[in-house]
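Comments concern the structure below.
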Amino acid sequence: MLVSLSACAWGDGLKNALACYDFAQPDVRYQYARSLREPSGLAYAHEGAVLTHDDNVSTLYLMRHMDPAPPQLWNSQLPVVKGDFEGVAVLDGYVYLLASSGVLFRTHLEQHAGGARLQRVTTGIEGRCNFEGLAARPGSGELILACKYINEPPHPSRDEVHLYRFDAQSLRADPQAIVVDVSAVRKSHRLRRLRPSGIEWLPTRQRYMLLAGKERLLLELDSAFGVVGAMRLPRKFHRQAEGLTLDARDRLIITDEAHGRAATLSVYSPGGQCSTVAPRGMPRWPSTRN
0 MLVSLSACAW
10 GDGLKNALAC
20 YDFAQPDVRY
30 QYARSLREPS
40 GLAYAHEGAV
50 LTHDDNVSTL
60 YLMRHMDPAP
70 PQLWNSQLPV
80 VKGDFEGVAV
90 LDGYVYLLAS
100 SGVLFRTHLE
110 QHAGGARLQR
120 VTTGIEGRCN
130 FEGLAARPGS
140 GELILACKYI
150 NEPPHPSRDE
160 VHLYRFDAQS
170 LRADPQAIVV
180 DVSAVRKSHR
190 LRRLRPSGIE
200 WLPTRQRYML
210 LAGKERLLLE
220 LDSAFGVVGA
230 MRLPRKFHRQ
240 AEGLTLDARD
250 RLIITDEAHG
260 RAATLSVYSP
270 GGQCSTVAPR
280 GMPRWPSTRN
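Next comes the structure, spelled out in structure tokens:
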């Protein structure tokens, strides 16, 4: 059963976090520089900045999400790998990039620019899905990979979304898919299917935010991956939503690819009593290396 999207207070025991955001109008919205036409994944970097990447190469950029400044290369010494990259996350001192095949690439946050290295990590679930969306759950040592399309039979019903766990210690994924039942939300919004494009963990509420960009739908999942809420995003702001993250003040940040126009970044702040009083703790980042 879906929880209704009524007003909520942060930390008051009510289940729905999506109700804390007003999606009628972003607090901040701006266009990316033309040099970055296809930003895909997003990950929180440090206060005032997020990490993003190009869809077609492994180049990483820092963006000031509350200020439309040009993107900065995060580390110009990293080798550039061509591919189809669909997610980025930060976990236990590493930045991870997700390729749509299910392969991960990672680089250490603290390495010196002269020794920059991008390690290719085989997960064991390559080819099972067209993967799109990567989330880190700090403290658990795991990443969550989202499936946009299932490649292997038996194909799931339209009422299922599949996710996979990846263990950062063993560097292997659990071959057993996490099956999310989306039947109620699919039917209530009259959708043929849901195709994930991003996922993120919200630690202050112990929730996952799952973005289905083509359907312009944002789902809220509990820690057991049950759907507890859903919200449709306005078409005028989100024509091709690809990635999302949350900053230290629980501001929700969504990136949209160009779709024939300039790519955009939108920021939604939790309102009223939902506002986070103080920034939550996040991984310490080194300074930008250029």
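Once you know that position 108 of the sequence shown is 107 in numbering that gives the first Met the number 0, the rest is easy, because the numbers rise by one and skip nothing.
Think of the CB as a built atom: it goes at the ideal place given N, C-alpha and C, for glycine as much as any other residue.
In the structure shown, what three-state DSSP assignment does VAL94 receive?
strand
LYS186 lies in the alpha helix (DSSP H); which residues open and close that run?
182 to 187
Using a threshold of 9 Å, state whether the C-beta atoms of ARG194 and GLU214 are closer than that.
yes
Are the beta-carbon atoms of ARG164 and LEU144 separated by less than 9 Å?
yes
If you scan the stretch 65 to 92 from start to end, which runs of the beta strand (DSSP E) of 3 or more residues do you find wholly inside it?
84 to 90
So, using beta-carbon positions, are LEU217 and LEU17 closer together than 9 Å?
yes
Quick one: Cα of GLY113 to Cα of TYR95, how far?
Only weak support exists for where GLY113 lies, its pLDDT of 45 falling under 50; the coordinates are left without a value.
Exposure label - ASN55; buried when at least 16 CB within 10 Å
exposed
Would you please verify whether the beta carbon of ARG191 is less than 9 Å from any beta carbon of chain B?
No chain B is part of this structure, which consists of one protein chain only.
Looking at TRP200: is its Cβ nearer than 9 Å to the Cβ of PRO137?
yes
Can you tell me where the beta strand (DSSP E) with ARG194 in it begins and where it stops?
No beta strand (DSSP E) contains ARG194, which DSSP labels as neither H nor E.
I need the boundaries of the beta strand (DSSP E) containing PHE165, first residue and last residue.
159 to 166
Which listed residue (TYR20, PHE22, GLN24 and TYR31) has its alpha carbon closest to that of ALA261:
TYR31
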